[in-house]
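**Q** For this note's numbering, add 2 to where a residue sits in the sequence shown, where the first one is 1. Note that the Cβ used here is the ideal one computed from N, Cα and C, for glycine as well. Mind looking over this structure? Questions follow.
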Amino acid sequence: MKKIVMKFGGTSVATGENIRQVASIIADSVKKDRRVVVVVSALAGVTNQLVEEAEQAKKKDEKQIQEFTEKLIEKHVATVMEAIDNKSIQKEVELIIKKTVGELEKVLTGICYVGEITPKSRDYVLSFGERLAAPIIWGALRDIKLQTQCFTGKEAGIVTDENFGEARPLMNVTTHQVKGRLESLLEKKIVPVVTGYIAATQDGVVTTLGRGGSDYTATVLSVALSSDEVWIWTDVDGIMTTDPKIVQSAKMLPQLSYGEASEMAIFGAKAMHPSALEPVIEANIPVRIRNVFNPQNQGTLIADGEETKSTEVVKAVALIRDVAMINIRGAAMVGAPGSYSKVFDVIGKNNINIMMVSAAVSEGNISLIIRRNLLGRALSTLGIVLIGRGVINEITSEDDVCVIAVMGANMKGTLGVASRIFTTVAQKGINIRMIAQGSSELNVSFVVKEKDGAAVVRAIHEEFKLDQI
Ligand code: ADP
Ligand code: ASP
Ligand code: MG
């Protein structure tokens, strides 16, 4: 009997109609005697709305907050009506939604009174998207007569560190708790529906795993329960040669090794959460990316040793938005052992993840890429600590950039790939702001202005004929 953890992303649960489709996919697997654990994201767009509301709440009044929460109820209740036929299940889910939004309203009102939002309270607000979506899926499964039980990440037993906004699961306790809470249900063919993205600290304070974190929840649960596979259901056929929303002719990649998939995910191209593969690599559990709207398609299989046996040098190109570049310059860094580590130390202590680094051999210059929303925090701490101590002279930043990552296992040892990439960009008259190539040689990444990002992706896709893979 196969045990599968299935994660359904925001677009898969965007409407009641989509939720019915999700429920039928789950039912189909249960019929085939699979043990299924379901992980759900917030309805499409809801987490973004909560991010915005969390920011605005401190400037709002109670009436404005109420307007927001009323709209949220409306949206979710309308989805319930569409997704579920049975009147009493409809009522039950509607009540849960109203009660949950009532709790959110109190949190937002608190923020509005205090006039401040902390990382902790922000995570609490962001957790509501998944908390509102999961009961709807739970109701839709009961509607088609499946046995099911609904959990938040915290109730399922996922425990993280206290890095709010980007928390990491503590696997030992998590495994122990998740096993204890979910395994017996699976044996009884009950389908646990677990909220993605959210968990809790050891003290029970709500945390989130970073944007797109439902993928991560799925792989964490998979390892904790030793499942046979993880299926990430989304709105495209699998991992493609690039974002099909940028290049329509992008092709699906039928298989990828963990290494290749990590190179694609690591920079946070939307297709998957950058940390999601970590737990399954160690446990050697295969991951499939599949399309809810095309379930006949087997999707992309990510597993050990699944490198495409192709001769293509470049396999995919990704565009990573919402990043910022920091340039640090300092004469005192030249020939001074440990100066880079001081920079990394300051950034790391502030829980800011560095996505990309480039340093010139002149040593007087280092450029970093981080998430754009963390730029303010990074600049102020770097300024206070490093300029203050005379380690560096100048910090500049650009918040209108994006990263282009070009990847493929066969790039390793193949001459001239980088020059072909950069010539292609140059022919478009686009300026490259920063370049990095890891020694794995699976990936060449560079930074351009965000407005040029899509054009660069199209040009590289065309140059390497990725639509003919
Ligand atoms: P979900 O809500 O299912 O988590 P996401 O929006 O997070 O969905 O991720 C899926 C989206 O990722 C796709 O709709 C697609 O536009 C985008 N995407 C970006 N790069 C790729 C890629 N290389 N392959 C597939 N999808 C990609
Ligand atoms: N709802 C969360 C987000 O939008 C998590 C996820 O979708 O995976 O980031
Ligand atoms: Mg996602």
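For the ligand ADP, is there any heavy atom lying closer than 7 Å to the beta carbon of T246?
**A** The residue you asked about is not Thr; residue 246 is Pro in the sequence shown. Correct: P246 has its Cβ closer than 7 Å to the ligand ADP.
**Q** Starting from M173, trace the alpha helix (DSSP H) both ways and give me its first and last residue.
**A** Per DSSP, M173 belongs to the alpha helix (DSSP H) from 173 to 189.
**Q** Tell me whether S216, by its Cβ, gets closer than 7 Å to a heavy atom of the ligand ASP.
**A** Yes, since a heavy atom of the ligand ASP falls inside the 7 Å radius drawn around the Cβ of S216.
**Q** Measuring only from the beta carbon, is A44 closer than 7 Å to any heavy atom that is part of the ligand ASP?
**A** Checking every heavy atom of the ligand ASP against the Cβ of A44, one is found closer than 7 Å.
**Q** Need the endpoints of the beta strand (DSSP E) that A326 sits in, please.
**A** Residues 318 to 331.
**Q** Can you find the residues in the same chain that come closer than 7 Å, C-beta to C-beta, to T210, ignoring five residues on each side of it along the sequence?
**A** Counting only Cβ-Cβ distances below 7 Å, and skipping sequence neighbours, we find D125, L128, S129, G167, A169, Y199, I200.
**Q** If you drop the 5 nearest sequence neighbours on each side, which residues of the same chain put their C-beta closer than 6 Å to that of Q204?
**A** Hits under 6 Å: V161.
**Q** Use the C-beta contact count for K9: other C-beta atoms within 10 angstroms, 16 or more gives buried, fewer gives exposed.
**A** Burial call: buried.
**Q** Counting only the same chain and skipping the five closest in sequence on each side, list residues whose C-beta sits under 8 Å from that of A252.
**A** Around A252: M242, T243, T244, D245, P246, H463, L468, D469.
**Q** Got a sec, what are the start and stop residues for the beta strand (DSSP E) L370 sits in?
**A** 367 to 373 is the extent of the beta strand (DSSP E) around L370.
**Q** Beta-carbon separation of V403 and A220 under 8 Å?
**A** It is not a contact, given that the beta carbons lie outside the stated cut-off.
**Q** Report the rounded CA-to-CA distance for K344 versus K351, giving the unit in angstroms.
**A** Rounded to the nearest angstrom, the two C-alpha atoms are 10 Å apart.
**Q** Quick check: the segment 376 to 389 against the segment 273 to 281, are there 3 or more CB pairs under 8 Å?
**A** No, the segment 376 to 389 does not touch the segment 273 to 281.
**Q** In the segment 205 to 243, which residue ranges form an unbroken beta strand (DSSP E) of at least 3 residues, counting only runs that do not cross its ends?
**A** Correct list: 208 to 210, 231 to 236.
**Q** From the DSSP output, read off the bridge partner residues of N293.
**A** Its beta-bridge partners are T236.
**Q** Please state the DSSP three-state secondary structure of S31.
**A** It is helical.
**Q** Could you tell me the distance, in whole angstroms, from the CA atom of I146 to the CA atom of S90?
**A** Near 13 Å, if we compare the C-alpha coordinates of S90 and I146.
**Q** Cβ of G301 within 7 Å of any heavy atom in the ligand MG?
**A** Because no heavy atom of the ligand MG lies under 7 Å away, the Cβ of G301 does not count as near it: no.
**Q** Assign T425 to buried or exposed, taking buried as 16 or more other Cβ atoms, counted over all protein chains shown, within 10 Å of its Cβ.
**A** Burial call: exposed.
**Q** Who are the Cβ neighbours of A25 in its own chain at under 8 Å, not counting the five residues just before and after it?
**A** Taken in chain order, the residues that qualify are A85, I139, A142, L143, D145, I146, L148.
**Q** Can you name the start and end residues of the alpha helix (DSSP H) that M274 belongs to?
**A** M274 -> no alpha helix (DSSP H), and no H or E assigned at all.
**Q** Measuring CA to CA, which of K61, I349, L134 is closest to V387?
**A** Cα-wise, what sits closest to V387 is I349.
**Q** Shorter than 7 Å, the distance from the beta carbon of I241 to the closest heavy atom of the ligand ADP, or not?
**A** I241: yes, Cβ under 7 Å from the ligand ADP.
**Q** Applying the 10 Å Cβ sphere with the 16-neighbour rule, what's the burial state of Y475?
**A** One cannot answer for residue 475 here, as it falls past the ends of the chain, which runs 3 to 471.
**Q** Going by DSSP, what residue range makes up the beta strand (DSSP E) through N473?
**A** Nothing about residue 473 can be reported from this structure: the residues present for the chain run from 3 to 471 only.
**Q** Assign R37 to one of three DSSP states: helix, strand, or coil.
**A** It is a strand residue.
**Q** At 4 residues or longer, what runs of the alpha helix (DSSP H) sit wholly inside the segment 123 to 178?
**A** As far as the segment 123 to 178 is concerned, its whole alpha helix (DSSP H) runs of at least 4 residues are 130 to 145, 155 to 158.
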